[in-house]
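A.B. asks:
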Amino acid sequence: MSPEVRAIDESEFPAWLRAKRVGFLRPPVVPDEEVADRLPHTDLSRTYGAFDRGRLVATFHSFDQQLSTVGGANLAADAVSGVTVSPTHRRRGLLSRMMADDLAAAKERGDACATLIAAEYPIYGRFGFGVADWGTEWVVDVTRAGFDRRWSGPGAEDGGGRIDLSDGAEIRKEGPALHRRLAAQRAGITDRTARAWDVGTGNSYHSEPWTEPFYAVYRSAAGEVEGYVAYTSDDRWNDAKQPVNTASVRDLLAVTPGAERALWRYVCSVDWITRVRTGYRAPDDVLPLLLPDPRAAQVLTHADMLWLRVLDVAKVLEPRTYAASGTLVLDVRDAAGFTGGRYRLDASPEGASCTPTDASPDLVLDVAELATLSLGDESAVRLARLGRVEEATAGSAARADLLLRTSLRPWSMDIF
Numbered sequence: 000m001s002p003e004v005r006a007i008d009e010s011e012f013p014a015w016l017r018a019k020r021v022g023f024l025r026p027p028v029v030p031d032e033e034v035a036d037r038l039p040h041t042d043l044s045r046t047y048g049a050f051d052r053g054r055l056v057a058t059f060h061s062f063d064q065q066l067s068t069v070g071g072a073n074l075a076a077d078a079v080s081g082v083t084v085s086p087t088h089r090r091r092g093l094l095s096r097m098m099a100d101d102l103a104a105a106k107e108r109g110d111a112c113a114t115l116i117a118a119e120y121p122i123y124g125r126f127g128f129g130v131a132d133w134g135t136e137w138v139v140d141v142t143r144a145g146f147d148r149r150w151s152g153p154g155a156e157d158g159g160g161r162i163d164l165s166d167g168a169e170i171r172k173e174g175p176a177l178h179r180r181l182a183a184q185r186a187g188i189t190d191r192t193a194r195a196w197d198v199g200t201g202n203s204y205h206s207e208p209w210t211e212p213f214y215a216v217y218r219s220a221a222g223e224v225e226g227y228v229a230y231t232s233d234d235r236w237n238d239a240k241q242p243v244n245t246a247s248v249r250d251l252l253a254v255t256p257g258a259e260r261a262l263w264r265y266v267c268s269v270d271w272i273t274r275v276r277t278g279y280r281a282p283d284d285v286l287p288l289l290l291p292d293p294r295a296a297q298v299l300t301h302a303d304m305l306w307l308r309v310l311d312v313a314k315v316l317e318p319r320t321y322a323a324s325g326t327l328v329l330d331v332r333d334a335a336g337f338t339g340g341r342y343r344l345d346a347s348p349e350g351a352s353c354t355p356t357d358a359s360p361d362l363v364l365d366v367a368e369l370a371t372l373s374l375g376d377e378s379a380v381r382l383a384r385l386g387r388v389e390e391a392t393a394g395s396a397a398r399a400d401l402l403l404r405t406s407l408r409p410w411s412m413d414i415f
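Sequential numbering from 0 applies to the sequence shown in numbering that gives the first Met the number 0.
Structural data, given as structure tokens:
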């Protein structure tokens, strides 16, 4: 008999958490404190399980999310998380059933798109998801970076502000407004709830041991908070009694270029720190070229980050801004039937409209490729060369790049 797929009830939540742990290869023990902490913040109507003879063998969860698009508008998104299938029940279509139910509900709610962070690359393309942005982590050899190790704080080149040590309470107070300002500047930013700020600053239950980070806040010359960094450090010394410590950046958020430069200089100038791990950053982050010797920053990880599933073409393309004027007719293929069809995009710096049309197409593409283009990160010319976009009108891929690509690459700073 095929396993039953349905939303769970409150009594099943501990078993759901345990099944999720199994899927992610974590110890299958769920403390009562974790259940009590997570349950009030979980929408059980959007928390699915697959049951085989009463045993949970697959998990799936979604929640409301706001995703910044080009120009700072927010898209209503269905954020997908907690997706697992137990090793005893693989290849039985359980994920397909849960995903179909969730996306149908999201479409009914009127969400513009669905989002997720993929544990494995090959899984989600078949559901219409495409990679919307990428993340890069560098490790900086501070001893070779070329910074003046006698640096004593921001100068005129960094806006003339100052850096103060801080704590989690101040970050919870100042961080949300900073985060909203950053989302207005850059596509790909997902919203942070009050609970997310609590969890991210240690003001909540953690299933893993919590290490309190160091916090430093950048204030402008006028005293306005324009950024902060949170980082931890190990404690290592070599046989010559020399410190060889690594600072690991958990969060670095800046809304002005001066604040961003100053905070990176600060982290790279802390006494006893000889290496800095940056955490996941946008691939076009300023850091490598900020170093007098950019070779001191080596790429540790470069991988797909946010995956996007377009549920409504107009709701995704109309709110974003466009630096140029032009028209594109997109023939969008969607095997699931949520948003397939032909659309005319008329865009300019003054605004955009995206409406159904019978006109001849310029580009023919799957809904997953539209997702890849929608936040401005990917090139339609590149996708056409790969055979993933069909250029029905000569030169239309290049026109699409003029309209859709952005000067700043989108950046998803949070894993959810």
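Beta carbons: idealized from backbone N, C-alpha and C, even for Gly. If you're wondering where the values come from, they're calculated on a predicted model, not measured in any experiment.
What would DSSP say about TYR416, mapped onto helix, strand or coil?
C.D. replies: The structure shown does not extend to residue 416, since the chain is modelled only from 0 through 415, so no value can be given for it.
A.B. asks: Taking 8 Å as the cut-off, does the region 113-132 touch the region 294-308 (at least 3 CB pairs, one atom from each stretch)?
C.D. replies: Output reads yes: the region 113-132 touches the region 294-308.
A.B. asks: Could you check which residue in ASP250, THR273 and ALA370 has the C-alpha nearest to that of MET412?
C.D. replies: Indexing the sequence shown from 1 puts residue 412 at position 413. Here the closest residue by C-alpha is ASP250.
A.B. asks: Could you work out which residue in GLY257, ALA186, THR354 and VAL275 is closest to ALA370 when comparing CA atoms only?
C.D. replies: What you label residue 370 is simply residue 371 of the sequence shown in a count that begins at 1. With distances taken between Cα atoms, ALA370 lies closest to ALA186.
A.B. asks: Could you name the residues of the same chain whose beta carbon sits closer than 6 Å to that of LEU38, not counting the 5 residues immediately before and after it, in chain order?
C.D. replies: The residue you call residue 38 lines up with position 39 of the sequence shown. Cβ within range, chain order: PHE12.
A.B. asks: Buried or exposed, going by whether 16 or more other CB atoms sit within 10 Å of the CB of ASP270?
C.D. replies: To locate residue 270, count along the sequence shown from 1; it is residue 271. It counts as exposed.
A.B. asks: How is the alpha helix (DSSP H) around LEU369 delimited, first residue to last?
C.D. replies: Taking the first residue of the sequence shown as position 1, residue 369 is located at position 370. Run containing LEU369: 366-373, per the alpha helix (DSSP H) assignment.
A.B. asks: Considering only residues of the region 190-251, which uninterrupted alpha helix (DSSP H) runs meet the minimum length of 4 residues and lie entirely inside it, listed in chain order?
C.D. replies: Runs found: 193-199.
A.B. asks: How should TRP236 be labelled, buried or exposed, when 16 other C-beta atoms within 10 angstroms of its C-beta is the threshold for buried?
C.D. replies: Position 237 of the sequence shown holds residue 236. Classification of TRP236: exposed, given that the 10 Å Cβ count is below 16.
A.B. asks: Pull up the DSSP beta-bridge partners for GLY325, would you.
C.D. replies: Mapped onto the sequence shown, residue 325 falls at position 326. In DSSP, GLY325 forms a bridge with ALA346.
A.B. asks: I'd like the span of the beta strand (DSSP E) that includes HIS301, first residue to last.
C.D. replies: Taking the sequence shown and counting its residues from 1, the one referred to as residue 301 is at position 302. Taken as a continuous stretch (DSSP letters only), the beta strand (DSSP E) holding HIS301 covers 296-303.
A.B. asks: Considering only C-alpha positions, which residue in the set LEU327, THR231, ILE272 and PRO293 is nearest to GLY416?
C.D. replies: The displayed coordinates of the chain run from 0 to 415. Any statement about residue 416 would go beyond what the structure contains.
A.B. asks: By Cβ distance, which residues of its chain are closer than 7 Å to CYS267, with the 5 residues on each side in sequence left out?
C.D. replies: Reading the sequence shown from its first residue, position 268 is the one you call residue 267. Hits under 7 Å: VAL139, VAL141, ALA144, PHE146 and VAL275.
A.B. asks: If the criterion is Cβ atoms closer than 8 Å, does the pair THR135 and ASP284 meet it?
C.D. replies: Taking the sequence shown and counting its residues from 1, one reaches residue 135 at position 136. Taking the sequence shown and counting its residues from 1, one reaches residue 284 at position 285. Yes, these two residues count as a Cβ contact at 8 Å.
A.B. asks: In this structure, what does DSSP give as the bridge partners for THR354?
C.D. replies: Within the sequence shown, numbered from 1, the residue matching residue 354 stands at position 355. According to DSSP, THR354 bridges with ARG343.
A.B. asks: Assign HIS178 to one of two classes, buried (16 or more other C-beta atoms within 10 Å of its C-beta) or exposed (fewer than that).
C.D. replies: What you label residue 178 is simply residue 179 of the sequence shown in a count that begins at 1. With 16 or more Cβ atoms within 10 Å of its Cβ, HIS178 is classed as buried.
A.B. asks: Report yes if the CB atom of GLU32 is closer than 8 Å to the CB atom of LEU16, and no otherwise.
C.D. replies: As a first step, residue 32 is located in the sequence shown; it is residue number 33 there, counting from the start. As a first step, residue 16 is located in the sequence shown; it is residue number 17 there, counting from the start. Not closer than 8 Å, so no.
A.B. asks: Tell me which same chain residues have a C-beta within less than 6 Å of the C-beta of LEU407, skipping the five on either side of it?
C.D. replies: Walking along the sequence shown from the start, residue 407 turns up at place 408. Excluding positions up to five away in sequence, the list reads ARG185.
A.B. asks: In angstroms with no decimal places, state the Cα-to-Cα distance between ASP418 and ASP36.
C.D. replies: Examination of residue 418 is not possible in this model, given that the chain is present from 0 through 415 alone.
A.B. asks: Could you give the C-beta distance for VAL331 and VAL312, rounded to a whole number, given that I count them as a contact under 8 Å?
C.D. replies: Numbered from its first residue, the sequence shown carries residue 331 at position 332. Numbered from its first residue, the sequence shown carries residue 312 at position 313. With a Cβ gap of about 6 Å, VAL331 and VAL312 count as contacting.
A.B. asks: Looking at the structure shown, is GLU156 part of a helix, part of a strand, or coil, going by DSSP?
C.D. replies: Within the sequence shown, residue 156 is the residue found at index 157, counting from 1. Correct three-state label for GLU156: helix.
A.B. asks: Mark SER44 as exposed unless 16 or more other C-beta atoms lie within 10 angstroms of its C-beta, in which case mark it buried.
C.D. replies: As a first step, residue 44 is located in the sequence shown; it is residue number 45 there, counting from the start. With fewer than 16 Cβ atoms within 10 Å of its Cβ, SER44 is classed as exposed.
A.B. asks: In whole angstroms, what separates the C-alpha of ARG171 from that of ARG341?
C.D. replies: Counted from its first residue, the sequence shown places residue 171 at position 172. Counted from its first residue, the sequence shown places residue 341 at position 342. Each residue's alpha carbon lies about 45 Å from the other.
A.B. asks: In this structure, how does DSSP classify LEU74 when only helix, strand and coil are distinguished?
C.D. replies: Translated into positions along the sequence shown, residue 74 becomes position 75. Three-state DSSP puts LEU74 in a strand.
A.B. asks: What do you get for TYR265, buried or exposed, if any count of 16 or more other CB atoms within 10 angstroms of its CB means buried?
C.D. replies: Within the sequence shown, numbered from 1, the residue matching residue 265 stands at position 266. Its Cβ being crowded by 16 or more others within 10 Å, TYR265 is buried.
A.B. asks: Counting pairs of beta carbons, one from the region 358-369 and one from the region 380-388, are three or more of them closer than 8 Å?
C.D. replies: With a cut-off of 8 Å, the region 380-388 and the region 358-369 count as touching, because enough Cβ pairs lie within range.
A.B. asks: Taking 8 Å as the threshold (beta carbon to beta carbon), is ARG264 in contact with chain B?
C.D. replies: Checking the listed chains, one finds no chain B in this structure; it contains a single protein chain.
A.B. asks: Write down every uninterrupted run of the alpha helix (DSSP H) in the region 55-120 whose length is 4 residues or greater and which is fully enclosed by it, in chain order.
C.D. replies: Fully enclosed alpha helix (DSSP H) runs of 4 or longer: 93-108.
A.B. asks: So, are the CB atoms of ALA49 and GLY158 less than 8 Å apart?
C.D. replies: As a first step, residue 49 must be located in the sequence shown, where it is residue number 50. As a first step, residue 158 must be located in the sequence shown, where it is residue number 159. Cβ distance not < 8 Å, so ALA49 and GLY158 don't count as in contact.
A.B. asks: So what's TRP150 in DSSP terms, helix, strand or just coil?
C.D. replies: Taking the first residue of the sequence shown as position 1, residue 150 is located at position 151. DSSP places TRP150 in coil when its eight states are reduced to three.
A.B. asks: List the whole-angstrom C-beta distance separating LEU402 from GLY325, where the pair is believed to meet the contact cut-off of C-beta under 8 Å.
C.D. replies: As a first step, residue 402 is located in the sequence shown; it is residue number 403 there, counting from the start. As a first step, residue 325 is located in the sequence shown; it is residue number 326 there, counting from the start. Indeed they touch by this definition, with Cβ atoms about 5 Å apart.
A.B. asks: What residues match up with LEU362 in a beta bridge as DSSP calls it?
C.D. replies: If you number the sequence shown from 1, residue 362 lands on position 363. Beta-bridge pairing links LEU362 to LEU329 and GLU390.
A.B. asks: Please determine whether the Cβ atom of ASP110 lies at a distance below 7 Å from any heavy atom of the ligand FAD.
C.D. replies: Questions concerning the ligand FAD fall outside what the structure shown contains, since it holds no ligand whatsoever.
A.B. asks: Name the residue from ALA346, LEU362 and LYS314 whose alpha carbon lies nearest to the alpha carbon of ARG108.
C.D. replies: Here the question's residue 108 lines up with position 109 in the sequence shown. Among ALA346, LEU362 and LYS314, the Cα nearest to that of ARG108 is on LYS314.
A.B. asks: Thinking LEU316 and ASP361 are a contact (beta carbons under 8 Å), I'd like their distance in whole angstroms, please.
C.D. replies: Residue mapping note: residue 316 aligns to position 317 of the sequence shown, counting from 1. Residue mapping note: residue 361 aligns to position 362 of the sequence shown, counting from 1. 14 Å between Cβ atoms; not a contact.
A.B. asks: What would DSSP say about THR142, mapped onto helix, strand or coil?
C.D. replies: By one-based count along the sequence shown, residue 142 stands at place 143. Looking at THR142 - three-state DSSP - the assignment turns out to be helix.
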